[in-house]
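Here is the structure we will look at.
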Amino acid sequence: MNKKIIFFIVLIIAAFLSWNFYYKKDSSTATPAKRPRNSSVAVETAPVQKTTIRDTGTFSGTLLPDSQFIVAPKISGRLEKIFVDIGDRVSRGKLIAHLDDDEFVQQVEQAKAELDVAKANIEENLSTLSLAQREYDRAKALRGKKIVSESELDVAEAQYKAKEAKEKVLIAQSAQKEAALKAATVRLEYTRIRASWENGKEYRVVGERFVDQGAMLKSNDPIVSIISINPLTAVIHVIERDYPRIKIGQQAVITTDAFPNKTFNGTIQRISPILKESSRQAQVQIMASNPRWLLKPGMFVRVEIEFAMHTGATVVPISSLVKRDDSQGVFLIDRETMKARFIPLKLGIINGDHAEVVSPPLSGLVVTMGQHLLEDGTPVLLPGEQKEPSPGKKESSKADNYKG
């Protein structure tokens, strides 16, 4: 039994070694593939273009309200009526809700009555004060004629001054009652809860509603939230590499899956001076124009920011770029010799399917397919051209359109 097992193991090892030997042999003979000398390689090409190219960055983010606040009562009470709901437009100063005001109305009435009493007391004291003053004046005159005694004059003077002091007290009490009436009136007004804000648009919208009619509310319990959605704020986060290129005032184009065929304009408004340690990213806020109120807070958005724009730039397709001997470049077609010449390039902006050529000056056709089979000087065959170049034709050292 053991002999059979050993036999099968040896057989498997021998088969594996044989397969490995023949596989390597076949691979060594097949790579690299030998082409007949001077045979042409069929390639596809694209022209070098002069166009405008933009350096842009695309970031994902979230829309937030430009401003948001909670409408809440300043006093406790039962919510008698609420006049708005989610999505309603509200103007500055609009009445949002009304609390039960029976108690506060009674307080105002009581304060009014107390003020009336205080004013009546003043009027009453004025008459007695006037009488006391006349008595005092007469006593002074009679004392000058030695008709009344000094003590009688002192009594008249004391009565007058007492009435005068009482008048001041009554006036102060009246002012106190008037202040109490104002306080009661303010508390009554607090039962009418309004939406008010200082700056921004005249109209805003109700974002959330937190309570229903009949609820018992304490001071500062939320009733609704009011938000401003034109403009909105798009919040994105940028990494260290892009952070130096972000500037306040840069323009942005905002898109969202909710409206795939629409774009919205934005402007960078704020840049955080701090990059979070956990993510190495900084927050950037973009003011997004939303005149038709299509965008809503909480939407996921993509923000494209333009860092630079070069007009009249020399541009080649990304598919034409290759590396040879640690140099990045393109194969340029020499139309005289129908050979591909490798041209090292210094690249600038890369955007989408195109790359900007900073140097050297370049024009003509570049290879976009088949360049993996090319070396510098390889004969090529373009689509629709079946004829290969004559072997005796003089070769140019560089592509005819490469101005290096």
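So for the sequence shown, this note's numbering puts the first residue at 705; every next one is plus one. Positions of the beta carbon are idealized from the N, C-alpha and C atoms, including for glycine.
Contact between the region 947-955 and the region 920-937 is absent: fewer than three C-beta pairs spanning the two stretches fall below 8 Å. Annotation note: the region 861-935 contains the following uninterrupted beta strand (DSSP E) runs of length 3 or greater, listed N- to C-terminal: 896-898 and 907-913. Sequence-distant partners of proline 751 (beyond 5 residues in either direction) whose C-beta falls short of 7 Å from its own C-beta, in its chain, are Leu1069. Under the DSSP assignment, methionine 991 falls in the beta strand (DSSP E) whose first and last residues are 985-992.
With contacts defined as CB atoms closer than 7 Å, serine 976 and glutamine 987 qualify as a contacting pair. Boundaries of the beta strand (DSSP E) around threonine 762: 753-775. Under the three-state reduction of DSSP output, phenylalanine 787 falls in the coil class, being neither helix nor strand.
Bounds of the beta strand (DSSP E) holding glutamine 1032 are 1031-1038. Cβ neighbours of leucine 874 within its own chain (closer than 8 Å, five residues either side excluded): Ala822, Asn825, Ile826 and Asn829.
Taking a cut-off of 8 Å on C-beta distances, the region 766-773 touches the region 999-1015, as three or more cross pairs fall below it. Under a 10 Å Cβ-count criterion, glycine 1088 is classified as exposed, with fewer than 16 other Cβ atoms of the shown protein chains found around its own Cβ. Listed in chain order, the non-local C-beta contacts of methionine 991 below 7 Å within the same chain comprise Pro935, Thr937, Gly970, Thr971 and Gln973, local neighbours out to five positions each way being set aside.
In its chain, beyond the 5 residues on either side, Asp804 and Met920 have a beta carbon closer than 6 Å to the beta carbon of arginine 782.
DSSP places valine 1026 inside the beta strand (DSSP E), whose first and last residues are 1026-1028. Per the Cβ contact rule, the region 878-892 is not in contact with the region 901-909 (fewer than 3 Cβ pairs under 8 Å). Listed in chain order, the non-local C-beta contacts of valine 910 below 6 Å within the same chain comprise Val788, Ile790, Asp792 and Val928, local neighbours out to five positions each way being set aside.
Valine 1084 is a Cβ neighbour of alanine 1044, given a cutoff of 7 Å.
Ranked by Cα distance from leucine 979, the first of Ile943, Thr967, Asn994 and Pro964 is Ile943. Scanning its chain for C-beta atoms nearer than 7 Å, with the 5 sequence neighbours on each side dropped, one finds around glycine 1074 the residues Val745, Ala746, Val747 and Glu748, in chain order. Exclusion of the five residues before and after alanine 962 leaves Met1003 as the residues of its chain whose Cβ lies within less than 7 Å of its Cβ. Counting only residues of its own chain and dropping the five nearest sequence neighbours on each side, phenylalanine 1035 has a CB closer than 6 Å to the CB of Ala1044, Phe1046, Val1071, Gln1075 and Leu1078. Counting the other Cβ atoms within 10 Å of the Cβ of leucine 799 gives fewer than 16, which makes it exposed.
Straight-line measurement puts the Cα of glycine 761 at about 28 Å from the Cα of aspartate 1030.
Cβ-Cβ distances below 6 Å link threonine 959 to Thr967 and Arg1006 in the same chain, with the five nearest sequence neighbours on each side left out; the list follows chain order.
Contact check for valine 1026 and valine 1061: beta-carbon distance about 14 Å, past the 8 Å limit, so the pair fails to qualify. The secondary-structure analysis by DSSP pairs methionine 1013 across a beta bridge with Arg758.
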